[in-house]
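Enquirer: The structure that follows is given in the form of structure tokens.
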Amino acid sequence: MLPQSPAPSESPARRRNFVAAARLFLCTGCAAVGTVGWSLCEPALAFDLFGLLGSDKPPPISATALSYRLKIEARTADGKKDSDAEQALRDASATYHLRQEPPQDSEGLVRRLQADINPLLDALWGLGRYNAEIDVTVDGLPVTLDETDLAAAVRRAESFRNREIIPVKIVARLGPVFKLRTVNVDYPREMAPQRLPRRAFPLKPGDPAISADLRAAQLKLIDWFRSNGHPLAKVADVKATVDHAATAMDFRLRIEAGPKAGIGHVAISGSGDIDPRVVATHVHLREGEPYSPERLALMKTSIARIPAIGGIRIREGDELDANGNVPIFIDVTERPKHAAGLSARYSTIDGPGVSAYYEHRNLFGNAERLRLDASASLLRRLDGSSSLNFGDIRASDFGGRFTATFLKPGLYGTPNDLLVEATAFRERVGNNDLGGYTNDAVRGTVGVIHRFSEMAWVQAGLQIERSQSQDVLGRVDATLIGVATSGRYDTTDNLLDPTRGVRLTATMNAYSKLMGSTIDLYEARIAGSTYYALDEDADYVLAGRLAAGSLGGAPLARIPDAHRFFSGGGGSVRGFIFNTISPMMFGKIIGGRSLVEGSAEMRVKVTPTIGVVPFVDFGTASSSSLPNFDDYVGYGAGIGLRYLTPVGPIRLDVATPLNPRPGDSRWAVYVSIGQAF
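Here the working numbering is used: position 598 in the sequence shown is 587, and no number is missing along the way.
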């Protein structure tokens, strides 16, 4: 039986607010007596994050203001404190948020408390506690909505002026959490109820009637209809009936799905100095194709790859066009044209280094990007002596890389981009125990990138390289001229922190004496990674990676070290020194003609901002063109910490070799932005 009026035993505050308290909660899902509708809305008050927005210490006693000390308590029927309810009360209380701004007179304080009563009840209703009662007092005297005894509370507050801090209390008697008794969804006529999967609407009888869960269920249901081609789907009506005697709620939801629709005309605006036709080349939607929010999200990702584009906003039309399609509006904003940066680093293994870059993101008005990158570092000596002794630094101890890259997107209004890149670098890899190599090279590439879709692209072009490398096999001077190709397929949901999807990359380069190379060399490499979320919120994600490569053509001793296969380091087998897993000769690494490596991770989100990642890696390079695992296979394992930011996770990994060789480090630490793969 539904009560038609508050029971006589109810407090005056609750009597007056029995219906009024529905105000906030109606935005999230409930009515008091009878049935009412609700609409989606946002809470009006922001919460006090970690208590950092104000001190709990009251302002000093003053003759011109009435400082108060506010105590908030929420207790269950058995007398236990409920910290979640207390935090909800703090979030909803203006008296709490304004505690560092004391009123000038006692009536102002009492009115401030009186105005809190409705929002406080609203907050508790939002937690499913519809029988909750609130007591507000000033030094023990009640403050109510019906003006009863307000004058006494005003006088009591005034008596503290310039003498003491006023004690103010808000005490909530919570009552039980109500449960959903019945849950019904009224579907469109043309849709049979059995077609709706449980994941689209997870609410069921017996669940707590918590407003956030009810609101989330609405949004999830609308998302399901939209993902099934109904862009105009909306919640037409929600009716929620609370039975206070039974501590239960009856919940009914009515959906207007609207017609199925296709993608309509795509309009682009706000591109500033960038030709909108360049943006259009990154839009792979076809007018009339089935509407899909996932396709719109992929389109946004595609446009975001234009370096000159900063903000991207995608809007859908409120009505369908004459063809039954929904118009799409893309609003973009241009990033600053110029950017520059400088950074420094230090590694216990690799020593100090500095990096700098400059970037022009719209060189000629069509989103052309020119980027210059430079880095310099002290290299490890392979004879075991230290290059960090500043009295003994040699010119050969310095290494680095300089790269100039020019990218012209959307060639002639097509989904093709022109890439021109020139690189010069000097590197030295290894240590005294394992040996290593030194490599000096200059390389130039001219190629065209063709985008098949938001998820797939290929690149092909001409590459020229001149290099000189030195290792235990001797010195190799080489000129390589040939065709370089690569491709990528990516269905992941996030560049730096993927939780679902796959990534595949492949490169195939062919250098021939017929084109002017000093050797014939054919190299291929393929890598793939996959990500599987074990739960809907992606708090638990399994991630795996495999990579393989092979070389053909010239003998190993004539191939530059930079083109041989090595494993080890932060991007392959963590715990090992970079590029030191390799076939060996005379006890020193020489590189291989093939490669296999892999990784497995379990990414666990402990809190919204903290994650832990146990991982294991393996890798081997073989002397033959096909991997045979006859050479050393390195295994590494460790654990990582992730600090999750809006930009991406900050990664801290600690790893150790599981089967170390003489000369291997006992452990290694890696810090970067983004997941390991």
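Even for Gly, the Cβ is constructed at its ideal location relative to N, Cα and C. The structure presented is a predicted model; accordingly, all values stated were derived computationally and were not measured.
In the DSSP output, what is Gly608 paired with across the bridge?
Expert: Paired residue(s): Glu586 and Gly623.
Enquirer: By alpha-carbon positions, which one of Asn648, Arg144, Pro404 and Asp111 ends up nearest to Thr270?
Expert: For the residues Asn648, Arg144, Pro404 and Asp111, the minimum Cα distance to Thr270 belongs to Pro404.
Enquirer: Quick one: grab the DSSP three-state call for Gln89.
Expert: Looking at Gln89 - three-state DSSP - the assignment turns out to be coil, as it is neither helix nor strand.
Enquirer: Do Asp105 and Val125 have their CB atoms nearer than 8 Å?
Expert: Contact: yes.
Enquirer: Cβ of Leu116 within 8 Å of Cβ of Ile61?
Expert: Against a cut-off of 8 Å, the Cβ pair of Ile61 and Leu116 comes out as no contact.
Enquirer: Name the residue from Thr596, Pro616, Ile50 and Ser614 whose alpha carbon lies nearest to the alpha carbon of Tyr632.
Expert: Residue Thr596 is the option with its Cα nearest to Tyr632.
Enquirer: Do the CB positions of Gly625 and Pro646 come within less than 8 Å of each other?
Expert: Contact flag set, yes.
Enquirer: At what residue ranges does the segment 255 to 331 contain a whole run of the beta strand (DSSP E), taking only runs of 3 or more?
Expert: As far as the segment 255 to 331 is concerned, its whole beta strand (DSSP E) runs of at least 3 residues are 298 to 305 and 314 to 323.
Enquirer: Identify every residue that forms a DSSP beta bridge with Gly450.
Expert: Looking at the DSSP assignment, Gly450 forms a beta bridge with Gly436 and Ala473.
Enquirer: Beta-carbon separation of Arg582 and Ser611 under 8 Å?
Expert: Cβ distance < 8 Å, so Arg582 and Ser611 count as in contact.
Enquirer: Out of Arg369, Ile453, Gln448 and Trp446, state which residue places its alpha-carbon closest to the alpha-carbon of Asp422.
Expert: When each option's Cα is compared against that of Asp422, the closest is Arg369.
Enquirer: Can you have a look at His552 and say buried or exposed, based on whether 16 or more other CB atoms are within 10 angstroms of its CB?
Expert: Per the 10 Å Cβ criterion, buried.
Enquirer: Which residues in the same chain as Glu443 place their Cβ atom closer than 7 Å to its Cβ, once the five residues preceding and following it in sequence are excluded?
Expert: Excluding residues within five positions, the ones whose Cβ falls inside 7 Å are His273, Leu287, Met288, Thr290 and Ser291.
Enquirer: State the start and end residues of the unbroken beta strand (DSSP E) segment that holds Glu62.
Expert: Per DSSP, Glu62 belongs to the beta strand (DSSP E) from Tyr57 to Arg64.
Enquirer: For Gly425, which of Val431, Arg432 and Arg417 has the nearest alpha-carbon?
Expert: Comparing Cα-Cα distances from Gly425 to each of Val431, Arg432 and Arg417, the minimum goes to Arg417.
Enquirer: Tell me, to the nearest whole angstrom, how far the beta carbon of Ala112 is from that of Ala81; I am working on the premise that it is less than 8 Å.
Expert: The pair is a contact, with the Cβ atoms about 4 Å apart (cut-off 8 Å).
Enquirer: Relative to the C-alpha of Pro194, which residue among Gly164, Val160, Ile155 and Arg241 is closest?
Expert: Of the candidates Gly164, Val160, Ile155 and Arg241, the one whose C-alpha sits nearest the C-alpha of Pro194 is Arg241.
Enquirer: Near Lys223, what residues of its chain come up, given a Cβ to Cβ distance below 8 Å and the 5 sequence neighbours on each side ignored?
Expert: Same-chain partners within the cutoff: Ile211, Ile244, Glu245 and Gly247.
Enquirer: With 16 other CB atoms within 10 Å as the buried threshold, where does Ser556 fall?
Expert: Ser556 is buried by the Cβ-count criterion.
Enquirer: By Cβ distance, which residues of its chain are closer than 7 Å to Tyr280, with the 5 residues on each side in sequence left out?
Expert: Closer than 7 Å at Cβ, skipping near neighbours: Gly218, Pro220, Ala250, Gly251, Ile252 and Val315.
Enquirer: Going by C-alpha distance, which of Asp264, Leu484 and Arg101 is nearest Ala142?
Expert: That would be Arg101, whose Cα lies nearest to the Cα of Ala142.
Enquirer: Beta strand (DSSP E) containing Phe391: first to last residue?
Expert: Segment Phe387 to Lys397, the beta strand (DSSP E) holding Phe391.
Enquirer: Less than 8 Å between the C-beta atoms of Gly436 and Ala445, yes or no?
Expert: Against a cut-off of 8 Å, the Cβ pair of Ala445 and Gly436 comes out as no contact.
Enquirer: Based on DSSP bridge pairs, tell me the residues matched to Leu169.
Expert: Leu169 is bridged to Met238.
Enquirer: Could you pull out every residue in the same chain whose Cβ sits closer than 8 Å to the Cβ of Val465, ignoring the five residues on either side in sequence?
Expert: Within the same chain, Val465 has close Cβ partners Ser456, Gln457, Ser458, Gln459, Ala546, Arg547, Ile548, Pro549 and Asp550.
Enquirer: Please report how far the alpha carbon of Arg440 lies from the alpha carbon of Leu400, in whole angstroms.
Expert: Distance between the alpha carbons of Arg440 and Leu400 is about 11 Å.
Enquirer: Quick check for students: name the residue ranges of the alpha helix (DSSP H) that lie wholly in the segment 148 to 227, counting only runs of 4 or more.
Expert: 200 to 216, all fully within the segment 148 to 227.
Enquirer: Secondary structure at Met504, three-state DSSP: helix, strand or coil?
Expert: Helix, per DSSP.
Enquirer: To which residues does DSSP link Asn420 through a beta bridge?
Expert: Answer is Gly424.
Enquirer: Quick test of your reading: Ala411 and Ala430, contact by CB under 8 Å. State the CB separation rounded to the nearest angstrom.
Expert: Wrong, their Cβ atoms sit about 12 Å apart, outside the cutoff.
Enquirer: Using the three-state DSSP reduction, which class does Ser571 fall into: helix, strand or coil?
Expert: It is coil, neither helix nor strand.
Enquirer: Are the beta-carbon atoms belonging to Tyr511 and Gly541 less than 8 Å from one another?
Expert: It is a contact, given that the beta carbons lie within the stated cut-off.
Enquirer: Compute the Euclidean distance between the alpha carbons of Asp524 and Thr488, then round it to the nearest angstrom.
Expert: Distance between the alpha carbons of Asp524 and Thr488: 10 Å.
Enquirer: Out of Glu348, Ile50 and Ala74, point me to the one whose CA is closest to Arg150's CA.
Expert: Measuring from the Cα of Arg150, the nearest candidate turns out to be Ile50.
Enquirer: So, Val643 versus Val658, is the Cβ gap smaller than 8 Å?
Expert: Cβ distance < 8 Å, so Val643 and Val658 count as in contact.
Enquirer: Tell me which residues share the same chain as Lys158 and place their Cβ nearer than 6 Å to its Cβ, disregarding the 5 neighbours each side in the sequence.
Expert: Contacts found: Lys60 and Thr126.
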